[in-house]
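Undergrad: The structure's right below; bear with me while I get my questions together.
Set out below in structure tokens:
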């Protein structure tokens, strides 16, 4: 509720201060330079974020045709896997995006265009530049000379066509390690966690749930690694590459689902295998694309930014833990009510995530633009960007609320034919639709706070 109040106040206040257009929609949708930059970053991000939940919805639809028991079992397993993943993914991606955006802006600010132009002309010019800088350093103790020398050394060593961003390499290493740890954690704790979630040893849901969860865990390294790389791309304001990779991976998942589940009769195991293959494919595409733009091997171990990422990431663990606890508790309570209730809960949750995460695209755009402007000390751009993305977030939330109220009663039949499940979905529709404006503003506020690296406030506000 507080997010809505402050969001409305902030949006209206900024519109009134402009003294011109007094309409929220017209002001938010202006096609100026800032508006175009937000659209260029947010639209591909929204499409990429929507692609994965849509693929999960298709998974849910396929599994729902196997039976309500399998659907409920997989629903619990997906909830566990996603919540465990979020504990690592959200802090890592959020911190990586901000740090990469700041380092990329600083890199472009301090690397003089003339140096890059001379680099293209030939190595002899580089040698002349280095000799001149060395002479200047010997004559004066100006710190700027040292900075220039460092930039020239970096350009000579890595080439003018690649960016040197230490946080990028650090995020990839941390993502890989966290992925392996998640796999081991799920493998050894799958049954106790499922029991805690309400699926006991005598439940028919236990076998398919445990089978799906353990298989799905082998894709955890690819999931966390791909999200870490997406955070890097967001930081350099390239959201199209992750979109293309996500589409290729999700299409592969959709093609493999019926093939493995029904043709080869693997059931829920086929759904898990299809998802694993798609995630590793996405990771390989992203890593291959990133290697063309960013230097992934720093000169020395001291250049890694492990401490900075882990320190800020730990702050966000408070926020993620609070959110994870609420969602996990809800799934646990639904599972205790039986397979029918859990099946309805899973469908509503997937729809809620698929729609509310669209606002995360605006949050990513705001975070990248604000972090870059903050590194350049362009505070007017920081204020303008924050105001604009909050206005757009409010509009998006209201639009999603209207669409869900109108379409969800009819669209729910795409996921199941069970009358009892459909009845429970109908009860949950008003709650799913009504919370969209709140969710949208909450996501956008996170992006604004992350953009100025205010991770402490984000952690305390949720905790």
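In the numbering used here, the protein residues as written are 1 to 463. Heads up, the beta-carbon is just placed ideally off N, CA and C, and yes, glycines get one too. Here the structure is a predicted model, which means the values were calculated and not measured.
1) Exposed or buried, which one is residue 234 when buried takes at least 16 other CB atoms within 10 Å?
2) Just verifying my parser: in three-state terms, what is the DSSP assignment at residue 452?
3) Less than 9 Å between the C-beta atoms of residue 41 and residue 364, yes or no?
4) Of all the options 31, 70, 46, which has the alpha carbon lying nearest to the alpha carbon of residue 268?
5) Mind pulling the alpha helix (DSSP H) runs of 4 or more residues that sit fully within the segment 348-394?
6) Do residue 259 and residue 249 have their beta-carbon atoms positioned less than 9 Å apart in this structure?
7) Applying the 10 Å Cβ sphere with the 16-neighbour rule, what's the burial state of residue 352?
8) Count the other CB atoms within 10 Å of the CB of residue 336; is the residue buried (16 or more) or exposed (fewer)?
9) Counting only the same chain and skipping the five closest in sequence on each side, list residues whose C-beta sits under 6 Å from that of residue 47.
10) Assign residue 332 to one of three DSSP states: helix, strand, or coil.
11) DSSP has residue 294 in a bridge; who is on the other side?
12) Report yes or no: do three or more beta-carbon pairs, one from the segment 57-72 and one from the segment 202-210, lie closer than 8 Å?
13) Where does residue 104 land, buried or exposed, given buried means 16+ other C-beta within 10 angstroms?
14) Within its chain, find whatever has a CB closer than 7 Å to the CB of residue 198; leave out the 5 residues flanking it on each side and keep chain order.
15) Are residue 98 and residue 393 closer than 9 Å when you measure CB to CB?
16) Within 8 Å, do at least three Cβ pairs link the segment 217-226 to the segment 178-189?
17) Give the range of the alpha helix (DSSP H) segment to which residue 420 is assigned.
18) For residue 166, is the classification buried or exposed, using 16 other Cβ atoms within 10 angstroms of its Cβ as the cut-off for buried?
19) Within this structure, are the beta carbons of residue 542 and residue 458 separated by less than 9 Å?
20) Helix or strand or just coil, what does DSSP make of residue 299?
21) Residues in the same chain with beta-carbon distance under 6 Å from residue 38, minus the five sequence neighbours each way, listed in chain order, please.
22) Can residue 426 and residue 412 be called in contact, C-beta distance under 9 Å?
23) Can you tell me which of 374, 77, 292, 171 puts its alpha carbon nearest to the alpha carbon of residue 186?
24) Along the chain, where does the alpha helix (DSSP H) that runs through residue 253 open and close?
25) Closer than 7 Å by C-beta to residue 12: which residues in its own chain qualify, once you throw out the five before and the five after it? Chain order, please.
26) With a CB to CB cut of under 6 Å and the five nearest residues on each side skipped, what residues in its chain are close to residue 216?
27) If the criterion is Cβ atoms closer than 9 Å, does the pair residue 328 and residue 83 meet it?
TA: Reading it off the structure:
1) buried
2) Here residue 452 sits in coil by DSSP.
3) yes
4) 70
5) 359-375
6) no
7) buried
8) By the C-beta density criterion, residue 336 is exposed, having fewer than 16 other C-beta atoms within 10 angstroms.
9) Here the set comprises 243.
10) helix
11) Partner(s): 163.
12) yes
13) Counting C-beta atoms within 10 angstroms of its own C-beta, residue 104 has 16 or more neighbours from the protein chains shown and is therefore classed as buried.
14) 332, 335, 336
15) no
16) Touching, yes.
17) 419-434
18) buried
19) There is simply no residue 542 to check, as the chain begins at 1 and stops at 463 in what is shown.
20) coil
21) 365
22) yes
23) 77
24) 240-258
25) With a pLDDT of 46 at residue 12, under the threshold of 50, the modelled position of that residue is not reliable, and the figure given next carries that caveat. Excluding positions up to five away in sequence, the list is empty.
26) 81, 272
27) yes
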